[in-house]
Every structure is written in C-alpha cells, then in structure tokens.
Amino acid sequence: MSERLPARQGEAIRRDRRIRFRLERRTIAAFEGDTVGSALAAAGVTITGRSFKYHRPRGLSCMTGSCPNCLMQIDGIPNVRACTEPAREGMRVERQNAWPSADRDIHGWLNTFSFMMPPGFYYKIFQHPHWAWPLVEPYIRSKAGLGRVPQEPDHRRRRRINLHPDVLVIGAGAAGLAATAEAAKAGASVVLLDQGREAGGHLLGEASSTLRSALAREALGSRARFLAETAAFGVFGGGLIGASGPDALYRIRAQHVIFATGAVEGSAVFPGNDLPGVMLSSAVHLLLHRYGVLPGRRAVVLTGDNVGYSTAWALKDAGAEVTVVDLRSDGGWPEGFPVFAGATILSAHGRRRVSAVSVGTVGATSGQKVSCDLVVNACVQTPSTNLLAQAGARLVFDETLQAFLPDEMPDRMWAVGAVAGARSPEASVAQGRLAGLEAAAGSGHPVDAASIAALRSEAARSGDPIVLPPEASAASGKQFACVCMDVTAKELTTAAAEGFDSMELLKRYTTITMGPCQGKACMASSQRLCGAITGRSFAETSPTTSRPPWVPVEMGTLAGARLTPRKETTMHDRHVAAGAEFMWAGDWRRPHHYTTPEAEVAAVRNRVGLIDVSTLGTFRIKGPESVELLERLYPNRFSDLAVGRVRYGVMLNDEGVILDDGAVVRLADDEFFVTVTTGNTAALERWITWWNADWGLDALILNVTGAYGAVNLAGPRARDVMTSLTDADVSGSAMPYMTATRMAVADVPSLVLRIGFVGETGYEIHFPSAYGEHLWDAVMGAGRSHGIVAFGLEAQRILRLEKQHILVGQDTDAESDPYEAGLGWMVKDDKEDFLGLRSLRDLKERGPLERLVGFTAPERWLPPEGASVVREGAWVGRVTSARRSEAVGGVVGLAWVPAEWAADGSTFEIQFGGSHTIGTVRIDPFYDPRGERLRS
Amino acid sequence: MSTAIRRSPAARLSSRRGAVFVEEAGWEIPASYGNHAEERAAIRDRVAIADITARAKVDIRGRIPEALPSPADTVLARISAEWAVLLGAPDAEGRLIRAIEPVAGAGAMVTDVTHLFAGVALAGPALPEVVQRATSWDPSTLPPGAAAGAPIAEVRALLVRRELPFPLLEVFVATEFGRYVWETLSGIVTSLGGAPAGWQALRAEGWR
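Shown next, in the form of structure tokens:
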C-alpha cells in the first residue's frame, strides 16, 4: 500500500505547511505542493474513479495528466485531472461515474455483463422494436459518463492574450529549456510553454535535481517568458498555436517554433492492466521524488531496456521489495533484483487493487504468480508527435526506437528531445541547444557557427534497440487497449473481423483513442494491436489523424474574454438620462422608447418630436466623375440634381434587387453627401468602393458615418423650434421640401435636410458628432415650450408605416425589385446604363408577379411580421410590417400579395398560428396621403 | 443657450473615473484624473490610457505625393501610398486643411475627419501587454513613427506609434465605437495596474 516517505531533497511539497480538503465524506491531509492525486496516494486512497463503460475501479496511473484514470469533480468542475491539480485548502473532491461511491459502486455489475456490450452494440441492438431505443438510451447514457456538468454559470474572467515572439518553445523539459536558453542568449524574444507548474519535464521525476536546476536557471534567468501550467493544444492555419493557461487563452504566432513535447508512457496490454496499482514509471518517479510517496511496498517492474532499472532502484531505495520482468533475454541488466528474463507479465490479478501478477514467456497462457501491490510499466514510450503532425511534419517509423518520429519538419519548425527520439538528457539538451541557436539565427540574431557545428554531432540519436512487450497477452481476461473508452483487445479483434480493419475505421467504430486522453495513453498499443490483427507491422499501421485539441481545454477559455463591439451615438448618455429603453439595431444601441411609443407618436403628430438618427450611414463622394458613379449605382438620375437639392434613391444589385435606400444630397458640382440604411453601411461602403474601382472612375468615397451626429426634428411645430435655433431662413418657401442647406444650428455648423421619414414637417440636422450632447440639449431646450418629446425607434416605425415608407431589409428581401415594391417611378430606364438595368428591363416586360401594398385590418388582432397571406388556404404572400395606428384607427401594415390584388379595397386573409384577420389593400399612404404636412 | 462645446463619446466614462475637464479650443478635454504625479508615474513606469479624441484629424486620400510635408506641431500618419492622416492640436483642422490641400494635389480628397474618429493614447512600458490582450495584430511590425490599420478589441482602428522616450500608441476608432473601446481598453489597463491619464500628464511627458 502507498505511504508518505520521510522528507527528501528536491521534493515539491512543503511539509511545514499542512492543508486539508474533502474527498466525499472523508478529510484528506496534504502538504502545500501536493497534487490532489499525490495527496490521495499518500492517504492510501487506491480507487480514483470508475471506468467509462464497465465501471471498473481505476487508480492513479501516469501522474502527468495523460490518462483518464483520475478524472474527478473538483469544486463542482468535472473531469479535472487530479494527478496534476494542486491540492488546495478546503477544496471539495468527488470521484466520478460511481454510485453510491467509487469504493462500492453498485453499477460494477456492468463489468460482468460486458459481453452484452460489444463494439458498436448501440448500432446493433435495441434497434428493434424501434420504440425500445428511446427508453434504453437514457439509461445507457446515465451509466456511462464523465462527471456532472455544473449547473451554476461560470463567472470566472478569462483573458485572451496574443503573443508574437521570435521563438516559441513548447515543453520545458531538458530539450525545451536548453533551446530557450540558447535562443534567448542570442537575443531572440522567446516564449516557453509547459503544462506543468514547474519547468523540468521528465527531469522532475529524477532523484537528482542538478541538471534540471542548471537548465532552469540558464533558461528562465534569460529574457525568455515562461508560461507555466500552459499547454499548447493545437496548431492552426498560418502557424497559429493555441495554448490554454490559467484563465487565459493564448494565441501565439511565432516566427520559429521548437517542439519539445517529450514522450508519453504507455501500458503493456495484459489482463488486468487497468487495475489500481498498475502504474507507469513516470508516476512512480514523481510520487517518490516530488511528493515523497511510496506507491507500493511490493513492486513488479516490467521493462525492455536498462532505463526501467532506474525505476526499480528508486523503489528499492525507498524501501520497496522489487522484482523485475525484463522482456530481453540476452542479459546485460544490472544486478540487485530478482529478474525474470525474456519474460512478460501475462496477467494481473486483484479486485480493487492489484495483488499479484502472472509472469511467463511471450505467448504463454499461464506463468509464475508473483505477489505484489504495485506493477510498474517501464516499457512503452510514445513520442508526443500530435502537435508536430498538426503542424505538417512528416512522421516515419523508426525501427530502433519502435516509434513514429518526425522526419521532415515544416519551415521554421524544429522537434527536439524525446519527441525527436532523444533517449538521454544529454542528447535532449544538445538537440535543444542546436534548435535554439538555429531559430535565433533565423530571427536575425548573430550566433556562433562553430557552436552549431559542434552540437550537430552531440544531437544525433543513438541507443540500443527498444524491445516492446507483446501486442496482447495470450492469457484470458479483459486486457485494455484503451482505458478511456473501455475498449479491450478482444473487442478490437471483433471489430477488425467485422471489416473495420484500419486505425481510422477502428477509431470510428470502437471509439478507441477518442476519449479524454485523445490517444496519449493508447495510440501506440492500439496501433500495434491493429497491426497484429490485420497482419501488418507496427510500421505499416499509421496513427489516426491528429486534430486539436491535444489537451483538454475549458469551453470558457476558448470563448475567451467577452468582447461585444457596440456602437453608440454621441448622444447616448442623454438617452440614458432620459430613461430610454435600448434595443440592438445591428451593432448599434438605440433607444426603443423613452415613455411609451404611442405617446411619442401622438407628440410627433400633434406637436414636435426629436429622434437621434446618427446611426444612418453617411458617405462623402467627391471627384470629377462622382455624378457618373451615382448614375451607375442608382436607377435614379442625378445629373440633373441641382446643388442644394435632395433626392431619394434606391440602390440595386446587378439583378435589379433592392439593396438599400436613402437620401442623396448634392453639395457641389463634384461632391455628394449620401445617406444609407444603418445596418447596410459597411456592406455598401465595400459595394460602392468596389464598383468605383471596377469602373475606374475618378471619384473618392469616404465613409463619414461617425463624423456626423444627426437628429430628425419632426412635427407641426418643428419649424418654430428650428427658427429659435438658427438665424437661417427655414421657412417652407426659403427651404422647401427635399432641399439641403448649410447653416449654424445652436452655433454648430450643420447640414440641414428638409426631408421626413415620419411624414411631418421635418429637419434632419447633420452636425459634427462631438457636438452631440450640446445640440441635443439645445434642441430639447428650444422645443420645451412647444411640447417637444424625444421619440424612439418604435414610434418612428409606427409613424413611417402610417406613411407606407418602406424599410429595406424588413419590407424587402433578396428578390424584391423596385417595380414590385412600388418604386418603379424612380427607375430611369432610358439611362445608358446602371446596375440592374438589364434585369429591370426584363422584369418590366414580364410585369410584376407580386406587389408590396399597404393594408388596414381590424384593431382586435395585430398580425406579426412574417404572418402568411393566404388564398383558399394556400400561402401566397406575407406581412412584412404591421402596427396599431391611432391616427388610422386600426392596424396598418405592408404585405406582399399577388399583383392582381394590388388595388384599393381588395381584401385578403392573413393567418398566423391559430389566428386570422382580413386585410384591406390601401395603395396610398394611410396618413396624409397627399404629403401636404410633409411638404409644408 | 450654452456655448457649443465638443465632447468625446467617452467623456462620461472618464467622469466616472474622476476626470477633471477643461475647455480648450472648443473641446472639453480631460486635463487630469485628480493626481498628476500618479498619472505621470503610470506613463513612465506602468501604463496609462488617455482620451485624445479632441485631436484635430485630417484625412488625405487618393493620388497623394510620396513625400507629404507635415505642418509644424503635427503628426503625419502615413498608412499607405494612397492614404494618410494628419493629426494636430484641438481645433487645428481648418488650419491643417488649408496647409495640406495645396500640396496634396488635385488627385487627393482632403477631409476633416476630426469627428469621424475617437482617439485613445496608450502609453507606458506595459503597452505591449495591453496590446497583447486587445488584438491579434503584432505591434512589433509597426516601427516608431509609423501608422497602420489593424483591429483593436475586434474593431477596425488606425494605429500610430509615436517616437517618444516611452512607448506610446495612438489608437483611433470610429466615433460610434468610442465608448466601447475606451471601456474595453481602460479595463485592460486597470487590470495591468495602469491608470487613466489626462492631457496635462501626457504633455508633461512630451506628448504633443
């Protein structure tokens, strides 16, 4: 059983600082520096959770966050890797996928009935009768799981940080530290990432910290930036590296990238290889040297090279009784232990923890039983090549190391250390230094060419051939190829027999490598098994495609800091002060209403109202061929528009479909001021600029939307208010409808347009936006004695609807042409050319199929926008806008109807949901049909 | 009727941070935030944010000469061969237009864009950290004295890197984004231990 050892040099824990946390109902004592996993091991907790499908007991295995065995719910967050999660005072830890507890899980019976759950069982059974599946599926899902999704919202603030170093080094092991040190010393800006809390990688598990300390001092004492607990999770287009750190998402675009991602240990495949107490050697080293925990008193170490003996020695030094099972039969192993030579572990035995192993020759079905409480796998190393593969590196099989290694790296990228096949710290350091120097040189920093040459020979790969354990054991019992998804060797064999005979097919059919480890723990063993089953060698069995994320990333981290760009006018604070209720209009925040829309409508119709229309898109178009540009953009004519006059225009695309509408003001012979719809501004800027370039016209376009604030002063008393704000003559005769005049309004230089969207005498005042608050205050002050009110978007919508003024995008769609929308009067098809002319000629010849018409309806039901217009129960049109109108005394709206219905007095049925009403067509505006108020 | 005064879209947000405003050339300018020494210290030692919307701004685009002279006390931000922006003191736009129009040539359109852009200055040694959190654009691609168009806080911006004894970036965004960008960047600055600074502190450190 595991126990805490006396203090030792180099350990990560502070024994003078005790902390406590809760594991379900139990209090666990730990030291500062412990992980949850190490503290549980020290406390003798063997079972860290239950497996995904069969609810088998699982225990600590890797201590590096590479396997799924210790995923726990910590402080409400599911799937936290307990082996690397720092222990904190008062934290709440729960083991997952078990009831009532992981120690005594009632669902353990599933393990006994696993024969009912072969690969793809959910495709095969419960399909007939069909009604059974919906009943069975929720039950299956409730039993297979990875913790509970928290119900509380996550309010943690995440940062999104963009970095652009000369050199990015991924992995702070020996190779990564050496690369960082050299690149930084040469003057390059370096960012070093590591998912651990401390730099050192595999060196952290070594008894001696001399090399690690020296390298860390050299690298981290330089100008390099070290991001601890930050894991690169993917390589994306353009060399973008995504990394996840404590409450931060890093987006890194480096000139050069050095991958020092190391290697991940794997387990041999034999019956019982998932039992608690079966560990990887990395876990044993970390528990011993970093956390002072002896993970077992009687250990069996399975190895295929002398490296495994360092684990055996470490255990022996800590007081364990150690037996070595060496896959090699040709001798050469160190003295000091009982050794089973040329043997392997055939099976492990035990219920809640390993209690013995059977040892025998490869292929045997039974062997000698050896009692133990710890089995150490020190025989499979898989280079962590996933990020390399994502970056585009070519991986080839290395017969000596029995692993896929990078052969060709993309430009400006290096692989160093264990991921590149280095088998000793010395080789890793040499590879790292070499890459660091080359990357620095590539960034334009001077380096010593002799140093590069010297390092090349040191960096070469070397070492004895690796001897791997058999792909699977001949002994009977469940032997797991993939512990994440509970996939056994037998299940892979069955799947292959069904025709799923490649890694990609096996992955999709059995879910192998698709679990939380994403293939870290199981890829190599799965490849070898797949190869053995299908008669191919390991070298001929490629790994599955590597995709991000390589390490788990919280959704909140990916979402990052919440940035929602919003547009606000310079009068925004005045609207807030006036009690406006705001709404989104595209990116804009606009007042929906201040009091009630009905009261605001009444004020505009009877007195005077003021609305902030700064959101209108505005363009300045200037140049000798600016007229020609407008002539080609619009179906209207602008060559005859006098300076100081305003014309309403509709812009079309080349199919004759309405894109936008607005006012065009001629400021000078060669200069125009153009307004467009709020939501279309950016698109129209691109549209106009693109066509101007295509036609090669001498005209310049500038989007001046933000430069101008704008308000619309409207109502029968608008002129009275204007008169008190300006010395200019704003009378109907001096400034008639559809004219524009530059004048000072409240001492602010302004461009005033006599136009009116709401159907009353109106002045649209455009002014330098920084005067927004001043001008708003001045107009409201001047209008006070006239009963002025501020009105919002909803009142404006009612007012414009009473005038049947359309809203492009709401009342029109991607098929609306000006003829059918009732705007045919503005099409000058005798012009030589304009966008949409050819299509409009065809449409005119064909005649309209439908028409946009005004309609009235009884007060009792307001049809929603989108309600159907029906004829004999069939859909023939739709309502685009509808509001209740006090002025008209009922519902008014706009609707698309068959063209033959477009006559005053025609009626049609409107339906939505279970409601319906009768609409009566009205061709002219409902309010002030002759436009006398507008023009007055 | 009150005197016509020009005001930044972020003026009210500055007020909440304790801004003391003064009137200068028809603009309401945040002169300080109550502690001149602290503001200067932020510029020198950490990072500061200042509202510089009141700067005069003149847009020059089209066929413009390669060597465009900049009048005294102005900054010429050359973004591309066909686009430059001239930055000056508050209310200098008229003077700048008169100075630049004759030299810009007939193929250029010169426009007063003072009100088109809200402006923010980010100053201090921690400026790179602010930029790292606000944009994926690489600030090292912009040498001192140069200008570029790039996104800031997911909004299109015009960025001008000034040649001063301390790192300073002038950020200009469409006026309608002025409040949002101020709010976002000042949040980042504050989280990094920085503070808002007024024009007095900026000018005392050599900014014009």
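If you read the sequences in order, they're chains A and B.
Residue numbering for the first sequence follows this note's numbering, beginning at 1 and increasing consecutively.
Residue numbering for the second sequence follows this note's numbering, beginning at 1001 and increasing consecutively.
Beta carbons: idealized from backbone N, C-alpha and C, even for Gly.
Whole angstroms are fine: how far does the CA of residue j sit from the CA of residue i?
i	j	result
W945 (chain A)	G201 (chain A)	Residue 945 (chain A) lies beyond the residue range present for chain A, which begins at 1 and ends at 936; the question has no answer from this structure.
S51 (chain A)	R81 (chain A)	14 Å
Y291 (chain A)	T541 (chain A)	39 Å
V301 (chain A)	Y54 (chain A)	27 Å
Q1132 (chain B)	F233 (chain A)	19 Å
A1099 (chain B)	V897 (chain A)	59 Å
R878 (chain A)	Y927 (chain A)	22 Å
G756 (chain A)	Y648 (chain A)	11 Å
Q810 (chain A)	R620 (chain A)	26 Å
A231 (chain A)	I13 (chain A)	23 Å
R141 (chain A)	W133 (chain A)	12 Å
W99 (chain A)	N79 (chain A)	17 Å
K369 (chain A)	L23 (chain A)	35 Å
K156 (chain A)	D75 (chain A)	Per the sequence presented here, residue 156 (chain A) reads as Arg, with Lys not at that position. R156 (chain A) and D75 (chain A): Cα-Cα distance of roughly 13 Å.
R1061 (chain B)	F397 (chain A)	58 Å
Below 7 Å on C-beta distance, what does residue i contact in chain B?
i	result
A603 (chain A)	What A603 (chain A) touches in chain B: nothing, since even the nearest Cβ is about 22 Å away.
Y771 (chain A)	A1004, R1006
D573 (chain A)	R1012
P246 (chain A)	Ordered by position in chain B, no residue passes the 7 Å Cβ test against P246 (chain A), which lies about 15 Å from the chain.
Note down, in chain order, every chain A residue with its Cβ under 8 Å from the Cβ of residue i.
i	result
R1133 (chain B)	R159, R160, I161, N162, A561
R1055 (chain B)	Within 8 Å Cβ-Cβ: nothing; R1055 (chain B) doesn't reach chain A, min ~11 Å.
A1174 (chain B)	K567, T705, G706
Does the distance from the CB of residue i to the CB of residue j come in under 9 Å?
i	j	result
T261 (chain A)	L387 (chain A)	yes
L294 (chain A)	A318 (chain A)	yes
V284 (chain A)	R423 (chain A)	no
A759 (chain A)	N606 (chain A)	For the record, residue 759 (chain A) in the displayed sequence is Gly; it is not Ala. In this structure, N606 (chain A) does not lie closer than 9 Å to G759 (chain A) by Cβ.
V1155 (chain B)	V1181 (chain B)	yes
F31 (chain A)	G90 (chain A)	no
A364 (chain A)	C67 (chain A)	no
G277 (chain A)	R353 (chain A)	yes
V721 (chain A)	L775 (chain A)	no
T1175 (chain B)	T570 (chain A)	yes
E850 (chain A)	A899 (chain A)	yes
L630 (chain A)	F672 (chain A)	yes
A683 (chain A)	T675 (chain A)	no
R1179 (chain B)	L1168 (chain B)	no
V808 (chain A)	D661 (chain A)	yes
Taking the DSSP output, what are the residues bridged to residue i?
i	result
R20 (chain A)	A:A29
W875 (chain A)	A:V870
F673 (chain A)	A:R620, A:V665
Y250 (chain A)	A:I161, A:A243
H766 (chain A)	A:A710, A:L751
E265 (chain A)	A:Q381
Could you work out which residues of chain B lie near residue i, taking near to mean beta carbons separated by less than 9 Å?
i	result
P565 (chain A)	A1153, E1154, V1155, F1177, Y1180, V1181, T1184
I251 (chain A)	A small fix is needed here, since residue 251 (chain A) is Arg in this sequence, not Ile. What R251 (chain A) touches in chain B: S1136.
R620 (chain A)	M1109, T1111
H55 (chain A)	Result: empty, since nearest Cβ-Cβ is about 45 Å, beyond 9 Å.
P768 (chain A)	R1006, D1112, T1114, H1115
T557 (chain A)	Going along chain B, no residue has its Cβ under 9 Å from T557 (chain A), so there is no contact; the nearest lies around 14 Å.
Cβ closer than 7 Å: which chain A residues qualify as neighbours of residue i?
i	result
V1103 (chain B)	Ordered by position in chain A, no residue passes the 7 Å Cβ test against V1103 (chain B), which lies about 17 Å from the chain.
G1062 (chain B)	L700
Along chain B, which residues have their Cβ under 8 Å away from the Cβ of residue i?
i	result
V704 (chain A)	T1111, V1113, L1116
V748 (chain A)	A1004
For the region 585-618 of chain A, which residues have a beta carbon sitting closer than 9 Å to at least one beta carbon of chain B? Among the residues of the region 585-618 of chain A, those with a Cβ less than 9 Å away from any Cβ of chain B are D587, W588, S614, T615, in the order of the chain.
Which residues, in order along the region 411-440 of chain A, keep a beta-carbon less than 8 Å from a beta-carbon of chain B? Cβ contacts with chain B come from no residue of the region 411-440 of chain A.
Mind listing which residues of the region 1025-1036 of chain B have their C-beta closer than 8 Å to chain A's C-betas, in chain order? Those would be W1027, in chain order.
Output, in sequence order along the chain, the residues in the region 783-795 of chain A whose CB is closer than 7 Å to any CB in chain B. For chain B, none of the residues of the region 783-795 of chain A brings a beta carbon within less than 7 Å of one of its beta carbons.
Along the region 134-155 of chain A, where does the CB come closer than 8 Å to a CB of chain B? Name the residues. So nothing in the stretch comes that close.
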